[in-house]
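Chains A and B, in that order, give the protein sequences.
Using numbering that gives the first Met the number 0, you'd call the opening residue of the first sequence number 0 and step up by one each time.
Using numbering that gives the first Met the number 0, you'd call the opening residue of the second sequence number 0 and step up by one each time.
Just so it is clear, CB atoms sit at the ideal spot from N, CA and C, and this is done for glycine as well.
Everything below concerns the one structure shown next.
There are 2 protein chains.
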Amino acid sequence: MDAAAQVVVQELAHPRGRTRIVSGIGVLSATSWSAEGANSLADWLAGRTLFILKTPHVDALHGARLASLCGAAQRVVELVVADGEGAKSVRQAEQLWNAMLTAGGKRDSRLLTFGGGSVGDLGGFVAGCFLRGIPYLQVPTTLLAQVDAAIGGKTAVDLPGGKNTVGLFHHPDWVLADTDLLTTLPRSELSAGLVEVIKMAFLLDLELLARVERDLEALLAAEVQALAPVVAAAIAVKCRVVMLDPEERDQRRWLNFGHTLGHALEGVLGYTGLRHGEAVAYGLLFALRLALLRGLPRPAAERLHQLLCRLPLPALPELDALALVDFMWRDKKATEQGLVWVLPQDLGRGVMVNDLGREQVLAELRAFLLDPWSLPAPRT
Amino acid sequence: MDAAAQVVVQELAHPRGRTRIVSGIGVLSATSWSAEGANSLADWLAGRTLFILKTPHVDALHGARLASLCGAAQRVVELVVADGEGAKSVRQAEQLWNAMLTAGGKRDSRLLTFGGGSVGDLGGFVAGCFLRGIPYLQVPTTLLAQVDAAIGGKTAVDLPGGKNTVGLFHHPDWVLADTDLLTTLPRSELSAGLVEVIKMAFLLDLELLARVERDLEALLAAEVQALAPVVAAAIAVKCRVVMLDPEERDQRRWLNFGHTLGHALEGVLGYTGLRHGEAVAYGLLFALRLALLRGLPRPAAERLHQLLCRLPLPALPELDALALVDFMWRDKKATEQGLVWVLPQDLGRGVMVNDLGREQVLAELRAFLLDPWSLPAPRT
Numbered sequence: 000m001d002a003a004a005q006v007v008v009q010e011l012a013h014p015r016g017r018t019r020i021v022s023g024i025g026v027l028s029a030t031s032w033s034a035e036g037a038n039s040l041a042d043w044l045a046g047r048t049l050f051i052l053k054t055p056h057v058d059a060l061h062g063a064r065l066a067s068l069c070g071a072a073q074r075v076v077e078l079v080v081a082d083g084e085g086a087k088s089v090r091q092a093e094q095l096w097n098a099m100l101t102a103g104g105k106r107d108s109r110l111l112t113f114g115g116g117s118v119g120d121l122g123g124f125v126a127g128c129f130l131r132g133i134p135y136l137q138v139p140t141t142l143l144a145q146v147d148a149a150i151g152g153k154t155a156v157d158l159p160g161g162k163n164t165v166g167l168f169h170h171p172d173w174v175l176a177d178t179d180l181l182t183t184l185p186r187s188e189l190s191a192g193l194v195e196v197i198k199m200a201f202l203l204d205l206e207l208l209a210r211v212e213r214d215l216e217a218l219l220a221a222e223v224q225a226l227a228p229v230v231a232a233a234i235a236v237k238c239r240v241v242m243l244d245p246e247e248r249d250q251r252r253w254l255n256f257g258h259t260l261g262h263a264l265e266g267v268l269g270y271t272g273l274r275h276g277e278a279v280a281y282g283l284l285f286a287l288r289l290a291l292l293r294g295l296p297r298p299a300a301e302r303l304h305q306l307l308c309r310l311p312l313p314a315l316p317e318l319d320a321l322a323l324v325d326f327m328w329r330d331k332k333a334t335e336q337g338l339v340w341v342l343p344q345d346l347g348r349g350v351m352v353n354d355l356g357r358e359q360v361l362a363e364l365r366a367f368l369l370d371p372w373s374l375p376a377p378r379t
Numbered sequence: 000m001d002a003a004a005q006v007v008v009q010e011l012a013h014p015r016g017r018t019r020i021v022s023g024i025g026v027l028s029a030t031s032w033s034a035e036g037a038n039s040l041a042d043w044l045a046g047r048t049l050f051i052l053k054t055p056h057v058d059a060l061h062g063a064r065l066a067s068l069c070g071a072a073q074r075v076v077e078l079v080v081a082d083g084e085g086a087k088s089v090r091q092a093e094q095l096w097n098a099m100l101t102a103g104g105k106r107d108s109r110l111l112t113f114g115g116g117s118v119g120d121l122g123g124f125v126a127g128c129f130l131r132g133i134p135y136l137q138v139p140t141t142l143l144a145q146v147d148a149a150i151g152g153k154t155a156v157d158l159p160g161g162k163n164t165v166g167l168f169h170h171p172d173w174v175l176a177d178t179d180l181l182t183t184l185p186r187s188e189l190s191a192g193l194v195e196v197i198k199m200a201f202l203l204d205l206e207l208l209a210r211v212e213r214d215l216e217a218l219l220a221a222e223v224q225a226l227a228p229v230v231a232a233a234i235a236v237k238c239r240v241v242m243l244d245p246e247e248r249d250q251r252r253w254l255n256f257g258h259t260l261g262h263a264l265e266g267v268l269g270y271t272g273l274r275h276g277e278a279v280a281y282g283l284l285f286a287l288r289l290a291l292l293r294g295l296p297r298p299a300a301e302r303l304h305q306l307l308c309r310l311p312l313p314a315l316p317e318l319d320a321l322a323l324v325d326f327m328w329r330d331k332k333a334t335e336q337g338l339v340w341v342l343p344q345d346l347g348r349g350v351m352v353n354d355l356g357r358e359q360v361l362a363e364l365r366a367f368l369l370d371p372w373s374l375p376a377p378r379t
């Protein structure tokens, strides 16, 4: 990759404005991207209270990197939450709203999320509902959050009955995706993030798919020269889809490829044991199985299957097919008209399917759980 | 008023669609308005789960009136909350989300709010965040909710530190404002609702102001022939303002006339003792006092003052000026740049003012609290 591509500035237009997304190597160092952009960000913060939502873990590793950015705000108020999905509760959101109100938060205050997907989801929800919505900025610190969760305005917390069941669409004004932050991630976390990249690439960007296949080892080794162009390309795909369909009524749902079963796996496991991206990987494998039944060409299925096989993913715990099916049929991707699946028709082409019956899915799922990593043999 | 004006259909266009607002006598009886409109509403409900959020009080008085409307839904799930501001809590919202999820609520389910402003605010918030937003319908049962709270997409719950501090903009698809529902309201509730009408009329519709002055006794006596055109006209004013400024960045803030002190009165009283509209009446009186200092012509001030004097409003409890000022400066209408007041410049013209210092407001407030019902004598 060339030096010019080290930092990429993209823009996502949405119904209420635009998100400026800056990604690449050293984004958080003010000198690394254009003076114009940095000034614009400084203007956004000037005279404001800046709330920073972060976890102890990320703060210890990278907190110092925020210093130059925060200098532009009038004052900074730190809000600390626990790592992981557990922080995404209504109670946690309520505590944060109370803290922000008590600290003198106003309608024109700003919020910055500094963490992975959980912190971004929670922070976006908190920003979206505080005083009916304050502007916010995402600084995603995981690969998954940089390429997916931080882009597109989806915010959420969880209920006992399901993940991301409470939330709203509230786009950040800024996303700063600094690939330097990814260098401290474990290989398993990078692998989980790559699942979302692969999901998008397979249906929406075959050039990106080829790049991931080519650079997989460098990506898993957190080499920023390999990561930066992949992050930028994945952001570009996501922006394109979100702009066409900001509130997920149509093509944006392609991004849910692998998520129907993926969410159920997470839910039935109680959101422990598998990372989100890892659960989605199994969801992709199961979707491939369903797609093969509906005519997905075998070479296309094999290409995705082989790439997923190269990722260091944990084994799937033993699970009850019926519990998974029950969970899926309660899922928010279910409508009154039935459960929606995103299935590939071919490389670069998805389709939404809602006519798969419960019994059929249950039977396929039982077979899948016996041997999730094998592609089923062609049936005649 | 003529027979044709008994039911009025209006439309509010907003960034994410439109709200159809049907107001007047007998709206909830399917035969009272156009077959086309009724069919369209039936389509909106067909095949859906309809959640109905209501209070025991309103349900006992008017629950049967919903029957013909609900018949179009596939199934109805009732959700009951307590009357009043107390129900507008994050905890209550969380309980409702859990109940809706457990009852099988989906992204394409519908919610209907059946009650006053509190139920509408809470229900709008619950609908706005359930599975990132489901469509909803407001059936406001108080004058205040029909002319103000149900129109414009503001939703909210309260935190201990302030009213309406958590919420979002989420417009209903439908508002059905049936003036028959107002006939069981006590005179004091009608009076409180008229305060919001007067507030809008004074700055934005002088014809409506004259109508309220003329018909005041009939309005306070809940005569539907008097109420229907006032409700329709007030809705028209609110729609016009909201369409020009959907997220309250400019002229929509004129609707906050009387609310800067009004909210503080409610807050310092712990949301008991004064109805919202009653608190706003005192807020208007105080705003008149500030406006006179800044050149509001005395005849204009006297006109509003005289009309407010004709309303049966309770006396203002004894209150500490300093506590009120503290509350206002923490209010969500405060920005980092200062507290914003909406003051009349003349009949039909408001202005936003943010350069009133704390000390000045405190001094004026002390004088006001000694005798809220007198207009201060001209100063030289």
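Under DSSP, the beta-bridge partners assigned to THR154(B) are LEU167(B). Non-local C-beta neighbours of LEU130(B) in its own chain, meaning closer than 8 Å and more than five positions away in sequence, comprise GLY104, LYS105 and ARG106, ordered along the chain. Cβ neighbours of LEU310(A) within its own chain (closer than 6 Å, five residues either side excluded): SER190. Per DSSP, the unbroken beta strand (DSSP E) holding ALA176(B) starts and ends at 173 to 177. Non-local C-beta neighbours of LEU142(B) in its own chain, meaning closer than 6 Å and more than five positions away in sequence, comprise LEU181, LEU189 and GLY192, ordered along the chain.
The beta carbon of LEU307(B) sits no closer than 9 Å to any beta carbon of chain A. VAL165(B) reaches chain A at TRP96, CYS128 and PHE129, counting residues in chain order whose Cβ is nearer than 7 Å. An exposed status is given to ARG348(B), since fewer than 16 other beta-carbon atoms sit within 10 Å of its beta-carbon. Following the DSSP letters along the chain, one finds PHE367(A) inside the alpha helix (DSSP H) bounded by residues 357 to 369. Residues of chain A whose Cβ lies closer than 7 Å to the Cβ of GLU265(B) do not exist; the shortest such Cβ separation is about 16 Å. Assignment of beta-bridge partners to LYS53(A) by DSSP yields VAL79(A) and PHE113(A). At a cut-off of 9 Å between C-beta atoms, LYS153(B) counts as an interface residue with respect to chain A. In the structure shown, TYR270(A) falls within a coil segment according to DSSP collapsed to helix, strand and coil.
Runs of the alpha helix (DSSP H) spanning 4 or more residues and lying entirely within the region 215 to 255 of chain A occur at 223 to 243, in chain order. Per DSSP, the unbroken beta strand (DSSP E) holding PRO139(A) starts and ends at 135 to 139.
In the displayed model, ASP42(A) falls within a helix according to three-state DSSP. The Cβ of ALA149(A) sits no closer than 9 Å to any Cβ of chain B.
A buried status is given to GLN5(A), since no fewer than 16 other beta-carbon atoms sit within 10 Å of its beta-carbon. Spanning the alpha carbons of LEU292(A) and LEU303(A) requires a straight line of approximately 16 Å. Within chain A, no residue has its CB atom less than 9 Å from the CB of VAL341(B), the nearest being about 15 Å off. In this structure GLY337(B) does not touch LEU100(A) by the C-beta definition: roughly 18 Å separates them, more than the 8 Å allowed.
Here ASN255(A) is buried, its C-beta having at least 16 other C-beta atoms within 10 Å. Closer than 9 Å to the CB of ARG15(B) there is at least one CB belonging to chain A.
The alpha-carbon of LEU368(B) is positioned some 8 Å away from that of ALA320(B). Within the same chain, and ignoring the five residues on either side of VAL57(B) in sequence, the residues whose Cβ sits closer than 7 Å to its Cβ are PHE113, GLY114 and THR140.
The beta carbons of SER28(A) and VAL8(A) sit no closer together than 9 Å. For VAL339(A), the secondary structure class from DSSP, reduced to helix, strand or coil, is coil. In this structure VAL125(B) is not in contact with ALA86(B), their Cβ atoms being roughly 11 Å apart against a cut-off of 8 Å. Annotated as proximal: GLU363(A) and PHE285(A), with beta-carbon spacing under 9 Å.
GLY152(A) places its beta carbon less than 9 Å from that of VAL241(A). Excluding its 5 nearest sequence neighbours in each direction, GLY166(B) has C-beta neighbours in its own chain below 6 Å: PHE124, THR154 and ALA155, listed in chain order. With respect to chain B, the C-beta atom of PHE124(A) has a partner C-beta closer than 9 Å. Rounded to the nearest angstrom, the gap between the Cα atoms of VAL89(B) and GLY122(B) is 12 Å.
GLY116(A) is a Cβ neighbour of ALA148(A), given a cutoff of 9 Å. The closest CA to that of GLU301(A), considering only LEU49(A), SER39(A), ALA12(A) and ALA376(A), is found on ALA376(A). Looking only at LEU65(A), CYS69(A) and ALA280(A), the smallest Cα-Cα distance to HIS262(A) is reached by ALA280(A).
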